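Below you'll find the structure, written out as structure tokens, and then a few comments.
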Amino acid sequence: MSGRTVGHAAWHRPCITERRRHSPIMKLLPLDSPERIELVADWLGKAENYKWLDFGNGVQRVTPITLKIMSQRDIHVFRIYTAGDEDAPAGVVGLTNVDRNFKTASLWAVLGNKRYGGHTTEACHHMLTLAFTELGLEAVNAWTVEINIPAQRVLEALHFRHIGRQRQCHYIDGRPLDRLLFDLLATEHRDSHAGLERTRATDLRPVR
């Protein structure tokens with residue numbers, strides 16, 4: 381999730397690829413209060429999360445003030461996603477580099493409350509629906525660090541296509557790592573997501 385404006389794939393646990401028929405309805409909540417902004421900033425301020433992120437110019441952490449400013453700009457769309465019967469905040473999912481002219485954006489997500497692991501795939505699915513309907517986008521891209529296997533599984537479950545690799549451009553504990561690049565078209569999201577069905581190997585073929 382690339383541009384270098386924000387981290388695009390900080391998802392930390394393997395997530396379910398099928399929705400339970402009678403599970404509680406997930407909500408996507410805007411960052412429209414100081415409490416929600418503080419909560420998300422706290423999640424993004426944890427090393428276990430921000431090590432996967434890139435907010436541009438080497439910045440990996442954001443303050444509540446920075447997050448508030450970002451949330452007010454048209455190039456960013458942030459939502460807290462809920463889980464459980466109590467509508468408990470589980471994590472944050474975002475679109476960044478939103479370009480209304482070229483109809484593109486980058487997707488990213490962070491699981492804030494590890495108690496609710498398993499909901500990130502569904503949250504990203506709902507955000508993609510918002511991107512391709514309300515925002516009128518035609519393509520969404522994402523990236524993840526090569527060692528972040530859970531993030532790759534989320535993208536695969538959402539039918540993102542692997543389109544390339546950016547080599548030795550992300551550092552964790554001084555170690556240079558590659559970023560894997562993915563994208564998804566609006567038609568692919570609509571055609572393949574009647575119920576978050578499992579991805580086939582052929583869906584992940586790289587573009588030559």
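Residue 381 is where the sequence shown starts when you use the numbering used here, and the numbers rise one by one after that.
Heads up, the beta-carbon is just placed ideally off N, CA and C, and yes, glycines get one too.
Quick caveat, the model's predicted, so the values are computed rather than measured.
Residue i, buried or exposed, once every other Cβ within 10 Å from all chains shown has been counted against 16
{"i": "Asp563", "result": "buried"}
{"i": "Glu536", "result": "buried"}
{"i": "Gly471", "result": "buried"}
{"i": "Phe540", "result": "buried"}
{"i": "Gln452", "result": "exposed"}
{"i": "Pro469", "result": "buried"}
{"i": "Gln548", "result": "exposed"}
{"i": "Ala463", "result": "buried"}
{"i": "Asp412", "result": "exposed"}
{"i": "Thr443", "result": "exposed"}
{"i": "Arg459", "result": "buried"}
{"i": "Arg480", "result": "exposed"}
{"i": "Ala531", "result": "buried"}
{"i": "Asp434", "result": "buried"}
{"i": "Asn429", "result": "buried"}
{"i": "Arg495", "result": "exposed"}
{"i": "Asp555", "result": "One point to set straight first is that residue 555 is Arg, not Asp, in the sequence displayed. With fewer than 16 Cβ atoms within 10 Å of its Cβ, Arg555 is classed as exposed."}
{"i": "Asn528", "result": "buried"}
Minimum C-alpha distance to residue i - residue among the options
{"i": "Gly356", "options": "Cys504, Glu518, Arg541 and Thr524", "result": "Outside the displayed span of the chain (381 to 588) sits residue 356, for which this structure offers no information."}
{"i": "Gly492", "options": "Leu419, Pro410 and Ile405", "result": "Leu419"}
{"i": "Leu515", "options": "Ala566, Tyr496, Val525 and Lys407", "result": "Ala566"}
{"i": "Ala522", "options": "His499, Tyr496, Val478 and Gly438", "result": "Val478"}
{"i": "Glu502", "options": "Ile529, Val534, Ile527 and Arg559", "result": "Val534"}
{"i": "Ile405", "options": "Trp432, Gly554, Ile417 and His506", "result": "His506"}
{"i": "Thr524", "options": "Arg555, Gly498, Ala489 and Gly554", "result": "Ala489"}
{"i": "Leu447", "options": "Asp467, Asn437, Trp423 and Gly438", "result": "Trp423"}
Secondary structure of residue i, DSSP reduced to three states
{"i": "Ile455", "result": "coil"}
{"i": "Asp422", "result": "helix"}
{"i": "Ile460", "result": "strand"}
{"i": "Leu411", "result": "coil"}
{"i": "Thr443", "result": "coil"}
{"i": "Asn429", "result": "helix"}
{"i": "Arg401", "result": "At Arg401, the pLDDT of 41 sits below 50, so the modelled position is not reliable; the number obtained from the coordinates is stated separately. Coil, per DSSP."}
8 Å contact criterion, which residue i and residue j should meet: CB distance rounded
{"i": "Phe512", "j": "His569", "result": "6 Å"}
{"i": "Ile455", "j": "Thr476", "result": "7 Å"}
{"i": "Ile543", "j": "Leu561", "result": "5 Å"}
{"i": "Val520", "j": "Leu557", "result": "Not a contact, Cβ separation roughly 23 Å."}
{"i": "Leu508", "j": "Leu538", "result": "7 Å"}
Mind pulling the alpha helix (DSSP H) runs of 4 or more residues that sit fully within the region 497-577? 500-512, 529-537 and 566-572
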